[in-house]
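Position one of the sequence shown corresponds to residue 9 (the numbering used here), numbered consecutively onward.
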Amino acid sequence: MYDTKAYSAASKTSPLASATIPRREPTERDVQIEILFCGICHSDLHSVRDEWHDVMPTVYPIVPGHEIVGRVTKVGSAVSKFKPGDLAAVGCMVDSDHTCPQCQADHEQFCPHMALTYNSPDRHGTAPVTYGGYSDSVVVDERFVLRVPEHLDLAGTAPLLCAGITTYSPMRRRQVGPGKKVGVVGLGGLGHMGVKFAHAFGAHTVVLTTSPGKAEDARRLGADEVVVSRNADEMKKHAGSFDFILDTVSANHDINAYLNLLAVDGNLTLVGAPTEPLNVAAFSVIMGCRSLSGSMIGGIAETQEMLDFCGEHNITADVEVIPIQKVNEAYERLLKSDVKYRFCIDMASLKSE
9 MYDTKAYSAA
19 SKTSPLASAT
29 IPRREPTERD
39 VQIEILFCGI
49 CHSDLHSVRD
59 EWHDVMPTVY
69 PIVPGHEIVG
79 RVTKVGSAVS
89 KFKPGDLAAV
99 GCMVDSDHTC
109 PQCQADHEQF
119 CPHMALTYNS
129 PDRHGTAPVT
139 YGGYSDSVVV
149 DERFVLRVPE
159 HLDLAGTAPL
169 LCAGITTYSP
179 MRRRQVGPGK
189 KVGVVGLGGL
199 GHMGVKFAHA
209 FGAHTVVLTT
219 SPGKAEDARR
229 LGADEVVVSR
239 NADEMKKHAG
249 SFDFILDTVS
259 ANHDINAYLN
269 LLAVDGNLTL
279 VGAPTEPLNV
289 AAFSVIMGCR
299 SLSGSMIGGI
309 AETQEMLDFC
319 GEHNITADVE
329 VIPIQKVNEA
339 YERLLKSDVK
349 YRFCIDMASL
359 KSE
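Take a look at the structure:
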């Protein structure tokens, strides 16, 4: 084992602070990565503050971060896809059982033994739980390390490992493309990526927002139209016309208003995660044979496909880059939606700790 610098929280009421954590020496299948940038995901905040205790209780100390981009520094003897000096990325997962039907189908995110990048039992015994990307370096099984297109901005690439794949995957599943009308509910960290992907896929892209002031930015990101969802007349004009709607909102909201916008056989997919149950009226789905579903990140193969697609279309997240020392301030701003559209930590700032 070796020690590396990190930022961790000691309890749900503690701020993130400088710490030293252990990492394992690379085994024959491992890749060691110097972390250059790490995105801040809203789930980092939920986990640090133990807000998902009933589903995923937090084990402290916690080192968050699952949007990791870095440079390979060492590889194990059996590693064939990476060499020192390569750019590499790590997303929300670092292990699975590799044998279950979900793993065999390249859906490792649904493996019953999937290990998250942080706050999952550490099967290597290095620590009680896995530690994430708010750190100098990380060691990950080659099978969960991804290639990064060389020409992409690295800070803007980091959020693709969560926000990117979360929005890309359901669009690919629903065959979003030319001739399809696609709605994106909410223009935040997830929503702005949804707009970029829907536009790149060639769909007629409509942003559905409660904020009229976001219209100009929505069009800059690729939206063809912007609908203010609080305007009943605007919503009525689009009733029954959408092939697919991506709902990125994590707060409680009237989902029936958006279900009623779907065409026959249209689908609404949830990627936002409200803490309170949403009330779904039966007739909102019965009328028109509409469907409501959810989606969670994507498998490793699909995540690599997404990164390659981003490389081809020059897609990255819109980020505000911060030093690690401002991470607690960023969390408070995140609660107020005071960022366009993701925070990304320049991990070089950790070296001064």
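Where is the CB? At the ideal position from N, CA and C, for every residue including glycine.
Values in this document were obtained by computation on a predicted structure and should not be read as measured data.
- Tyr139 is classed as buried because its beta carbon has at least 16 other beta carbons within 10 Å across all chains shown.
- Ranked by Cα distance from His74, the options Ser22, Asp144, Pro157 and Pro167 are led by Pro167.
- Nearest neighbour of Ile173 by Cα position, chosen from Pro136, Gln312 and Val80, turns out to be Gln312.
- Rounded to whole angstroms, Met122 and Lys244 show a C-alpha spacing of 43 Å.
- Out of Tyr266, Asp251, Leu229 and Ala226, the CA that lies nearest to the CA of Ala240 is found in Tyr266.
- Of the residues Arg182, Gly99, Arg131 and Pro129, the one whose Cα lies closest to the Cα of Glu116 is Gly99.
- The DSSP-derived three-state label of Cys352 is strand.
- For Asp149, the enclosing beta strand (DSSP E) covers residues Ser145 to Asp149.
- When the five nearest sequence neighbours on each side are left out, the beta carbons in the same chain lying within less than 8 Å of the beta carbon of Gly296 are those of Gly248, Leu270, Ala271, Val272, Asp273 and Gly274, in order along the chain.
- Between Phe209 and Gln183, the alpha-carbon positions lie close to 9 Å from each other.
- By the criterion of a C-beta distance shorter than 6 Å, Cys108 is surrounded in its chain by Cys119, once the five residues flanking it on both sides are discounted.
- In the structure shown, Phe209 falls within a coil segment according to DSSP collapsed to helix, strand and coil.
- Burial check for Met9: the Cβ neighbour count within 10 Å stays below 16, so the residue is exposed.
- If you look at Asn336, you'll find it isn't in any beta strand (DSSP E); it sits in the alpha helix (DSSP H) that goes Val335 to Leu343.
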